[in-house]
Each structure stands twice: as structure tokens, then as C-alpha cells.
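FYI, in the working numbering the residues of the sequence shown are 1 to 164. What follows is a single structure, written as C-alpha cells, with notes after it.
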Amino acid sequence: MKNNITSMLRSTLLILAVSLPLPVLAEVDGEPANNMGILREKVTADKKFVVANNMNLTESEAKAFWPVYEAYQQDMRAIDKRLAKVIDEYSVAYNKGPVPDSTAKELIEKAIGVEMAEVKLKQSYVPKLSKILPGAKVARYLQIESKIRAITRFELASAIPLVD
């Protein structure tokens, strides 16, 4: 079962990682292009399913956990948007030819800022999670989040070319 969940999560996150930096088109053939929105909703649901199946929460823990989980995911989406912007800026610079040193330095600072924001967010949620879950379950949740983020980062890194 865990292999099936891991496989499903990898497939879903691959789609998310590849689609994260892509802009959503407003219209395709006269119809609203909501495919990206649908895709993001599916990824969100699949991730929640994986977390739910791996947390082993009691009923009372689940009641307290899911609102905190949703708030964390909302805060993480803001960080993901920042990451997408950095990737987009890199894409524009990369497609123009060799990336100038000044642009590279600016992108490095922005990328490190995104990573720092992610760490700060995680740190800010440890006390919130610790109020509602035992320490082992807080650690387990953070491990699950870290693994999901690592898969996403790996897929992004595989798709993004190195600076020339």
C-alpha cells in the first residue's frame, strides 16, 4: 500500500513541479482555461490523502490537526508562488543567452530567500502543531512534508537547466 501511495504522490508531484512555473492561460479556443486550477486541486487532494493515510491520527487529533494543516498549506502556497516567480525570472534570463553576473546574484538572493521563508514557516508551525499533537506525530508530519517538498524540488531541479 505504501508503495502505491508513494507512486501516486510522485506522479502527482511531478505534474505539480512541472506545472508550477507555467502561467495559467486566460482563454483557449474561447473557453476558460481552468485546467491548471483543476490540476492544482487534484494535487492538493492527493497530498492531503497521503498525509491522512500516513499520520495515524485519532479522531480528536484529526479535528485539531486539519485546520492547522490547511493554514500551513495556504502559507506554503505563498512561498511556492515566490518560487515560481524566481523560476520564471530565471527562465526569461536563461532564454536570452548567458545569464549576466548581476542577474545571477539577484536570483541567488531570491532563491535563498524562498528557502529561508520555507524554514521560517516550518519553525513557526512547530509550536502550533505541538499544542495539538504528540511530539512524534509532529515530527512525522514534518517528515512527510519534507519528503513531499524534496520530491518536488528534485523534479524541478531535473527540469531546470544549469546557468551558462
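Beta carbons are placed, not taken as given, at the ideal position from N, Cα and C, and that holds for glycine. This structure is a prediction, so every number in the text was calculated from the model and none was measured.
Sub-8 Å separation of residue i and residue j beta-carbons
i, j, result
"Leu129", "Val51", "no"
"Tyr125", "Met55", "no"
"Val114", "Arg82", "yes"
"Ile132", "Ala84", "no"
"Ala117", "Ile79", "yes"
Residue i at chain C interface by Cβ criterion, 8 Å
i, result
"Gln74", "The question asks about chain C, but that chain is absent: this structure has only one protein chain."
DSSP three-state assignment for residue i, whether helix, strand or coil
i, result
"Asn56", "coil"
"Leu133", "coil"
"Pro127", "helix"
"Leu162", "coil"
"Pro100", "coil"
> Does the region 110 to 127 come within contact of the region 78 to 91, defined as at least 3 CB pairs closer than 8 Å?
Replying inline: yes
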